[in-house]
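Colleague: Quick note: the sequence shown uses numbering that gives the first Met the number 0, first residue 0, plus one each step.
Quick one: structure below, then a few questions.
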Amino acid sequence: MERQSEVAPRTCADIHTLEAVALAATRTAAVASYAWVGRHDQKSADAAATTAMRAALADAPGRGTVVIGEGEKDDAPMLFNGEIVGNGHGPDFDIAVDPLEGTSFCAKDLPGSLATIAFGEPGTFWSPGPGFYMDKIVVPPQAKDVIDLDDPPERTLAKVAQALGKQVSELRVVIMDKPRHQELIARVVRAGAAVQTPAGGDVGGSLAVLLPTLDVDLLIGVGGTPEGVMTAAAVRALGGGMLGRLAPQRSEEADAIRAAGMSLDRVYDCDALVAGDAFFVATGVSGGPLVGRPRELDGRTMSESLLISSGQVRHITHTTFEKTTG
């Protein structure tokens, strides 16, 4: 397969002309992986989403480079870093992608799995190299200037509460239910905040922070770097606040990061994670409060998507794949 280093210098165009392409890619991936909802086979679900999304992107009018993909840290099917997609006849663009975010939710038929992608101008997305995990904070626009990754959680809660005009006891915080977060969850609960602890899906948790109708004030904790970059695209588009820092979970990962000349101490703000114009798209797979799952209706398949672009959030219902009889 073609690699980024093997192609000519890239040119820039209006990235928003590709919103329909991104929507088609996530819809196709969502419908393909929906066939695996509840079948307790994460790799097959991931493979179905990845294969469908790769096929959809192959026809994209332009040349896209996968700057950050998903799969290596989970030994799963993936669109790999540096992969080139598109037909070459149109604008150049960068991609951050997880064809099936919340794979375990899909496998177990639990709400929260999404087909996700972000498109950006060439050179827009930060590349984490061999870093698979990052510590992150995501907050609404009102609290973007008060967060600090070096603050203890109690201070973070107090500062965010003050910025939002709330008491700490009124805050709702998303922290993934992982062994690495046991102490963090306990401290946040002791401080008085309510905590949602999904088993995964930090993209969905971050989106809940950005959408005021979902009544979530803050996401904190360690999650994947692909999810972090895609989240940053949505955060930047909506004016929210985000900080991230590489947080290797194994010594081999830490050694690889250092060998690549990257810092384990540097804190990246939203503009460092996404340095140019970008947009984010998600389509529902197993349903949930953000977007519903694909469903059959009158011989067609309906899907629900979320497009976050240029300060706007659009909820889009799409009907396609009309069945024929004969």
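Just so you know, even glycine gets a beta-carbon here, dropped at the ideal spot from N, CA and C.
Give the range of the alpha helix (DSSP H) segment to which SER43 is assigned.
Modeller: In the sequence shown, residue 43 corresponds to position 44, counting from 1. That run of the alpha helix (DSSP H) goes 41-57.
Colleague: What did DSSP end up calling ARG313 once you bin it into helix, strand or coil?
Modeller: Start at 1 with the first residue of the sequence shown, and residue 313 comes out as number 314. Three-state DSSP puts ARG313 in a strand.
Colleague: Candidates PRO90, GLY287 and PRO98: which alpha carbon is nearest ARG53's?
Modeller: Taking the first residue of the sequence shown as position 1, residue 53 is located at position 54. When only C-alpha atoms are compared, the closest one is PRO98.
Colleague: Express the C-alpha separation of GLN166 and ASN80 in angstroms, rounding to a whole number.
Modeller: In the sequence shown, residue 80 corresponds to position 81, counting from 1. In the sequence shown, residue 166 corresponds to position 167, counting from 1. A direct Cα-Cα distance of roughly 43 Å separates ASN80 from GLN166.
Colleague: Determine the DSSP secondary structure at ASP73, reduced to helix, strand or coil.
Modeller: Position 74 of the sequence shown holds residue 73. Confidence is the limiting factor: at ASP73 the pLDDT is only 49, short of 50, which leaves the residue's position unreliable, though a coordinate-based value still follows. Three-state DSSP puts ASP73 in coil, outside helix and strand.
Colleague: Looking at the structure shown, is PHE104 part of a helix, part of a strand, or coil, going by DSSP?
Modeller: As a first step, residue 104 must be located in the sequence shown, where it is residue number 105. Here PHE104 sits in helix by DSSP.
Colleague: If you draw a straight line from the C-alpha of VAL266 to the C-alpha of THR300, how long is it?
Modeller: Taking the first residue of the sequence shown as position 1, residue 266 is located at position 267. Taking the first residue of the sequence shown as position 1, residue 300 is located at position 301. Roughly 43 Å separates the two Cα atoms.
Colleague: List in chain order: all unbroken alpha helix (DSSP H) runs of 4+ residues lying wholly within the segment 216-283.
Modeller: 224-237, 250-258 and 269-272
Colleague: Report yes or no: do the segment 124-131 and the segment 225-245 share at least 3 C-beta pairs separated by less than 8 Å?
Modeller: Because the criterion of three Cβ pairs below 8 Å is met, the segment 124-131 and the segment 225-245 touch.
Colleague: Taking its Cβ as the centre, do 16 or more other Cβ atoms sit within 10 Å of SER309, making it buried, or is it exposed?
Modeller: For the purposes of this step, residue 309 is taken as the residue at position 310 of the sequence shown. By the 10 Å Cβ count, SER309 comes out exposed.
Colleague: Skipping 5 residues on each side, what residues in its chain have a beta carbon closer than 8 Å to that of ASP40?
Modeller: Locating residue 40 in the sequence shown gives position 41, counting from the first residue. If we look at ASP40 and ignore the five residues flanking it on each side, its Cβ neighbours are ALA106.
Colleague: Decide if the segment 197-210 is in contact with the segment 147-154; the criterion is three or more beta carbon pairs, one per stretch, under 8 Å apart.
Modeller: no
Colleague: Is VAL312 closer than 7 Å to ILE116 when the C-beta atoms are compared?
Modeller: Stepping through the sequence shown from its first residue, residue 116 is reached at position 117. Stepping through the sequence shown from its first residue, residue 312 is reached at position 313. It is not a contact, given that the beta carbons lie outside the stated cut-off.
Colleague: Would you identify the three-state DSSP class for ARG154, choosing helix, strand or coil?
Modeller: Indexing the sequence shown from 1 puts residue 154 at position 155. Helix.
Colleague: Using the Cα positions of GLU252 and MET133, report the straight-line distance between them to the nearest angstrom.
Modeller: Taking the first residue of the sequence shown as position 1, residue 252 is located at position 253. Taking the first residue of the sequence shown as position 1, residue 133 is located at position 134. Whole-angstrom Cα-Cα distance: 12 Å.
Colleague: With ALA162 and GLN141 assumed to form a contact (beta carbons below 8 Å), what rounded beta-carbon distance in angstroms separates them?
Modeller: Working through the sequence shown from its first residue, we reach residue 162 at position 163. Working through the sequence shown from its first residue, we reach residue 141 at position 142. Their Cβ separation, rounded to whole angstroms, is 5 Å, which keeps ALA162 and GLN141 in contact under 8 Å.
Colleague: Can you tell me which of the three DSSP states GLU82 falls into?
Modeller: Here residue 82 corresponds to residue number 83 of the sequence shown, with the count starting at 1. In this structure, GLU82 counts as strand in the three-state DSSP scheme.
Colleague: How many angstroms separate the CA atom of ASP58 from the CA atom of SER32?
Modeller: The residue you call residue 58 lines up with position 59 of the sequence shown. The residue you call residue 32 lines up with position 33 of the sequence shown. Using only the alpha carbons, I get a separation of about 20 Å.
Colleague: Could you tell me whether any Cβ in chain B is nearer than 7 Å to the Cβ of GLY204?
Modeller: Given the protein chain composition of this structure (a single chain), no chain B is represented.
Colleague: Work out the CA separation of ALA193 and ALA157 for me, nearest whole Å.
Modeller: The sequence position of residue 157 within the sequence shown is 158, counting from 1. The sequence position of residue 193 within the sequence shown is 194, counting from 1. Approximately 13 Å between the Cα atoms of the pair.
Colleague: Within this structure, are the beta carbons of THR123 and VAL20 separated by less than 7 Å?
Modeller: The sequence position of residue 123 within the sequence shown is 124, counting from 1. The sequence position of residue 20 within the sequence shown is 21, counting from 1. Their beta carbons are not under 7 Å apart, which means THR123 does not touch VAL20 by this criterion.
Colleague: Considering just the uninterrupted stretch of the beta strand (DSSP E) at GLN181, what are its terminal residues?
Modeller: The count along the sequence shown starts at 1 and reaches residue 181 at position 182. Not the beta strand (DSSP E): GLN181 falls in the alpha helix (DSSP H), residues 181-190.
Colleague: Identify whether THR123 lies in helix, strand or coil by the three-state DSSP scheme.
Modeller: Counting from one through the sequence shown, the residue named residue 123 turns up at place 124. DSSP places THR123 in coil when its eight states are reduced to three.
Colleague: Answer yes or no: do GLY240 and ILE307 have a C-beta to C-beta separation smaller than 7 Å?
Modeller: On the sequence shown, residue 240 is found 241 positions in, with the first residue counted as 1. On the sequence shown, residue 307 is found 308 positions in, with the first residue counted as 1. Taking 7 Å as the Cβ cut-off, GLY240 and ILE307 do not qualify as a contacting pair.
Colleague: Considering Cα atoms alone, identify which of ALA44, ARG38 and GLU120 is closest to GLU100.
Modeller: Residue numbering aside, residue 100 sits at position 101 when the sequence shown is read from its first letter. Taking only the C-alpha atoms, the option nearest GLU100 is ALA44.
Colleague: Contact defined as beta carbons within less than 8 Å: I believe ALA51 pairs with THR27. What is the distance between those atoms, to the nearest angstrom?
Modeller: Translated into the one-based positions of the sequence shown, residue 51 becomes position 52. Translated into the one-based positions of the sequence shown, residue 27 becomes position 28. Indeed, because the Cβ distance is near 4 Å, the residues count as touching under 8 Å.
Colleague: Can you tell me the Cα-Cα spacing of ILE136 and PRO288, whole angstroms?
Modeller: If you number the sequence shown from 1, residue 136 lands on position 137. If you number the sequence shown from 1, residue 288 lands on position 289. ILE136 and PRO288: Cα-Cα distance of roughly 21 Å.
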